[in-house]
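Remarks on the structure that follows.
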Amino acid sequence: MILFSLYLLLSIDLLQGTFKRQVEVGRVVLINYGADAGKLAVIIDIVDHNRALIDGPTTGVTRQAFPFRRLVLTPLVLKDLPRAIGQSALKKALEKNDTVNAWNKTAWAKKLEQRKTRAGLSDFDRFKLLKLKNQRRFAVGSAVAAAKKQTA
């Protein structure tokens, strides 16, 4: 019985698939290489199995054919977007769906922003951060020690 239920769980997982982000028109992508690295764009059309036509009117990405290996698919999708949509209509669709703010709320975007902030720290800022972390660690450690002392 256990083996049969395990088989059902595995077969359901295989039917649904684990790959959720498909290359599709309207998929929001993050550029990971080149002059536009770190910017968001939207897949407008699929050129072939290696490239897509992307555009990012609100993020400063010009309309261009871009290889998939330099794009990272995000979980955000603009639904019912026609192929080769114009720039003004795409801009309206992005603003209507509030895509940039939705991206900024994701943990992925917050992590990228945190990396960017930490990379821009000066030597003195890193020193101050080290001291603050030490203070926090000392406060947490003393609170844990006090709690242990009360329970014992």
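Per mature numbering (1 follows the signal peptide of the UniProt record, and there is no 0): the sequence shown = residues -17 to -1, 1 to 135.
C-beta atoms are modelled at their ideal positions from N, C-alpha and C, and glycine is treated no differently.
Start and end of the beta strand (DSSP E) containing residue i?
i, result
"residue 36", "34 to 39"
"residue 61", "Careful: residue 61 lies outside any beta strand (DSSP E) and carries neither H nor E."
"residue 47", "44 to 50"
"residue 19", "That residue, residue 19, is in no beta strand (DSSP E); it is neither H nor E in DSSP."
"residue 25", "23 to 29"
How many whole angstroms separate the CB atoms of residue i and residue j, which I take to be in contact at a CB cut-off of 8 Å?
i, j, result
"residue 57", "residue 12", "6 Å"
"residue 30", "residue 73", "Between residue 73 and residue 30 the Cβ distance is about 17 Å, and since that is not below 8 Å, they are no contact."
"residue 38", "residue 5", "That pair is no contact at about 19 Å."
Please classify residue i as buried or exposed, where buried requires at least 16 other C-beta atoms within 10 Å of its C-beta.
i, result
"residue 49", "buried"
"residue 19", "buried"
"residue 55", "exposed"
"residue 127", "exposed"
"residue 123", "exposed"
"residue 115", "exposed"
Within a Cβ cutoff of 8 Å, which residues of the same chain sit near residue i, ignoring the five residues on either side of it in sequence?
i, result
"residue 67", "27, 28, 36"
"residue 83", "23, 41, 42, 77"
"residue 1", "none"
Need the endpoints of the alpha helix (DSSP H) that residue i sits in, please.
i, result
"residue 108", "106 to 134"
"residue 90", "90 to 102"
"residue 156", "Lying before the first or after the last residue shown, residue 156 is absent from the chain, which here runs from -17 to 135."
Can you list, in chain order, the residues of its chain whose CB lies under 6 Å from that of residue i, leaving out five sequence neighbours each side?
i, result
"residue 142", "Shown here, the chain extends from -17 to 135; a query on residue 142 therefore has no answer."
"residue 44", "19, 22, 24"
Take residue i and list the residues in its own chain whose beta-carbon comes closer than 7 Å to its own, dropping the five residues that flank it on each side.
i, result
"residue 59", "11, 82, 85, 86"
"residue 62", "9"
Among the candidates the options, whose CA atom is the shortest distance from the CA of residue i?
i, options, result
"residue 33", "51, 104, 44", "51"
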